[in-house]
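Worksheet: one structure, shown below.
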Amino acid sequence: MKIKATILALSVGLLSVACGDDEPTNPPPINPNNTTGPNNNNSNNQSNNNSNNQTNTNNQTNTNGQTNSNNNNEDPDPTCQNYCDTVMANCTGDNAQYGSAAECLDYCENVGSWDAGERGAMDGNSIACRVYHGNAPAADDPATHCVHAGPTGGNMCGTWCDNYCQLALDHCTGDNELYGSDAECQTACAEFDDSGNAGDTQYDTVQCRIYHGGAPAATSPETHCPHAGEEPTDFCLDSPETFRFKTNAPSEYTRVDRMGMPAISTAVISSAQKNAYNDANPADDANGNFVADITANVTALHVALDDDLAQNDLTPCIAADCVGQAAPLVVPDTLKIDTTGNARFPNGRRLTDPVIDVTLAVVLLDLDVHAMTTLVGVLNPTENDLGVEGAFLSAFPYLHPPHEL
């Protein structure tokens, strides 16, 4: 029936809206697209049993354990321009190390400040090593070698601690100094957890400290050097299993959405008024600042749907009356809780409550004739009791872990 299809469209549209989380404002990362690959500390090296330990030309390791250079002359000279041309060509998509060639050049010339190194070098914190791994190896196996060619070196082009200490000593100086010498930094770094991934921006690992000590510290040392220190002040703390409440001052946050009563902002506030509505406060709702816009949009819904509601033995409310019956729920637009009443939507909001079905009834139906639960179970399950993950958890936080993107 047409009414079911129409309500289904509204229901799906309203359910798709997610309220954005507010986050403290921090300087944007210079290199937001760092991705990771497996750390392979033996990049296809082979053992050479030649007792004379002669230098070979096939990226091999001789019997005294020293790594020889790649002498096949396939790599370009170790310059920042050649490096960026190589890594931008071979490390793309999920294996991209930089957002653009300009970002790559800026990191190579101004942030990493790597030594040029010897062309064909397979290890060491140098441009040459990154060129090597970003060239033929990355073309053949980007998931493994692009991270070696990236800003962190992936524990191949310099150890994690080599890269961390160079960045910390270069960018965190003066009032922002973290260490007095490389030896002091190396001693501290030896105790860091190295189980993270290149490009990590949080948790107590050396990889997180490398990120904050890199491009972010180069542009904003007073903010990011403390994050990269031996005892970080923020971000490089705890582990993924640790739950932390942020204690930033309210002034550090920016409101991006408000939706105390679900779907009202989405369905009955015009696009031209969205930003003004999200920037407004509950007092503005009580003053009637948005009543005209809400009334116009509710009226438009009824013009489109009233005949279909009637054909399905449902009594639509008059638009003005709909606004009036919804007003206690939406003015002001806050989540309302009466501790003396029953704990169910619209008095609070339980995970299992059929919120959208109730909201549609309030907006569309004459509640003197129909109950707010009239549409419950018509199109959607009677409760949000099951998702793709199964039933809600019985203990805090009650929701299943977030999906990985």
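Using mature numbering (1 follows the signal peptide of the UniProt record, and there is no 0), the letters of the sequence shown correspond one by one to residues -20 to -1, 1 to 385.
We put the CB at the ideal spot given by N, CA and C, even for glycine.
These numbers come from a predicted model, not from an experiment.
Taking C-beta atoms under 8 Å as the contact rule, residue 166 and residue 141 qualify, at a distance of about 6 Å. For the alpha helix (DSSP H) assignment, the uninterrupted runs of no fewer than 4 residues enclosed by the segment 195 to 231 are, from N- to C-terminal side, 195 to 199 and 201 to 208. In the DSSP annotation of this structure, the continuous segment of the alpha helix (DSSP H) that includes residue 122 starts and ends at 122 to 129. Around the beta carbon of residue 278, 16 or more other beta carbons lie within 10 angstroms, which makes this residue buried. Shown here, residue 237 sits in coil according to DSSP, grouped into three states, outside any helix or strand. Note that the C-beta distance between residue 185 and residue 114 is not below 7 Å. Nearest to residue 276 by C-alpha distance, out of 162, 320, 248 and 180, is 248. Between the C-alpha atoms of residue 169 and residue 158 there is a straight-line separation of about 12 Å. Secondary structure at residue 327: strand, using DSSP grouped into helix, strand and coil.
With 16 or more neighbouring CB atoms inside 10 Å of its own CB, residue 134 falls in the buried class. For residue 72, the closest alpha carbon among the candidates 124, 284, 189 and 223 is that of 124. Taking the Cβ atoms as the reference, residue 188 lies roughly 17 Å from residue 199, outside the contact range of under 8 Å.
A buried status is given to residue 270, since no fewer than 16 other beta-carbon atoms sit within 10 Å of its beta-carbon. Annotation for residue 302: the continuous alpha helix (DSSP H) segment containing it runs 299 to 310. In the structure shown, residue 345 falls within a strand segment according to DSSP collapsed to helix, strand and coil. With a beta-carbon spacing of about 4 Å, residue 314 and residue 240 fall inside the 8 Å limit used to define contacts. Within its own chain, the residues whose Cβ lies closer than 8 Å to the Cβ of residue 305, once the five positions on either side in sequence are excluded, are 297, 342 and 347, listed in chain order. Residue burial annotation: residue 235 is exposed, with fewer than 16 other C-beta atoms found within 10 angstroms of its C-beta.
Judged by beta-carbon spacing, residue 129 lies beyond the 7 Å limit of residue 119, meaning their Cβ atoms are not closer than that value.
Put simply, the backbone Cα of residue 138 is about 23 Å away from that of residue 211. Separation of the CB atoms of residue 215 and residue 192 is rounded to 6 Å, and the pair is thereby assigned contact status at 8 Å. Residue 318 carries a coil assignment under DSSP once its states are collapsed to helix, strand and coil. Secondary structure note for residue 245: its alpha helix (DSSP H) is the uninterrupted segment 244 to 248. Going by C-alpha positions, residue 144 is about 5 Å away from residue 190. In the three-state reduction of the DSSP assignment, residue 170 falls in the coil class, being assigned neither a helical nor a strand state. Taking every protein chain shown into account, the CB of residue 151 has 16 or more other CB atoms within 10 angstroms, so this residue is buried. Closest in alpha carbon position to residue 103, among 207, 302 and 127, is 127. The continuous alpha helix (DSSP H) containing residue 140 extends over residues 140 to 151. In the DSSP assignment, residue 278 falls within the alpha helix (DSSP H) that extends over 271 to 291. DSSP places residue 132 outside any alpha helix (DSSP H), giving it a letter other than H or E. Counting every other CB atom within 10 Å of its CB across the protein chains shown gives residue 257 a total of 16 or more, marking it as buried. Counting along the chain, residue 253 sits inside no alpha helix (DSSP H), nor does DSSP assign it H or E at all.
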